[in-house]
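Note sheet for the following structure.
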Amino acid sequence: MYAIVKTGGKQYKVAVGDVLEIEKLDAAPGAEVALAAILLVDGEAVTHEAVKLAKVAVTAEVLAQTKGPKIRIHKYKNKT
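Take 1114 as the starting number for the sequence shown in the numbering used here and just add one per residue.
Printed below as a string of structure tokens:
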């Protein structure tokens, strides 16, 4: 069983016990957050209807707030 959830403008495939690195959330480490499910696959049954997905709860625990690698950008402007 897995689900496709949407958070931070991106979509992720998640299953029970998965660890993801996603965009920063407004939650303290150790807090639980609810993620919006877009698609639910349970064996052969695929659910994408909004009415049925409203009953589905996808929750995640925030393990840590970390920073990604530093991105350096250099722009070159021609002098002529």
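Note that beta-carbon positions come from the ideal geometry of N, C-alpha and C, so glycine has one too.
Model, not experiment: these values are computed from the prediction.
- The criterion of a C-beta distance shorter than 8 angstroms is satisfied by residue 1172 and residue 1145.
- In the three-state DSSP reduction, residue 1138 falls in the coil class, being neither helix nor strand.
- One alpha carbon belongs to residue 1136, the other to residue 1129, and they sit about 20 angstroms apart.
- Nearest to residue 1165 by alpha-carbon distance, out of 1176, 1151 and 1157, is 1151.
- Out of 1115, 1170 and 1120, the CA that lies nearest to the CA of residue 1131 is found in 1115.
- The three-state reading of DSSP puts residue 1163 in helix, counting H, G and I together.
- By the C-beta density criterion, residue 1118 is buried, having at least 16 other C-beta atoms within 10 angstroms.
- Taking C-beta separations shorter than 6 angstroms and ignoring five residues to either side along the sequence, the partners of residue 1120 in its chain run 1135 and 1148, following chain order.
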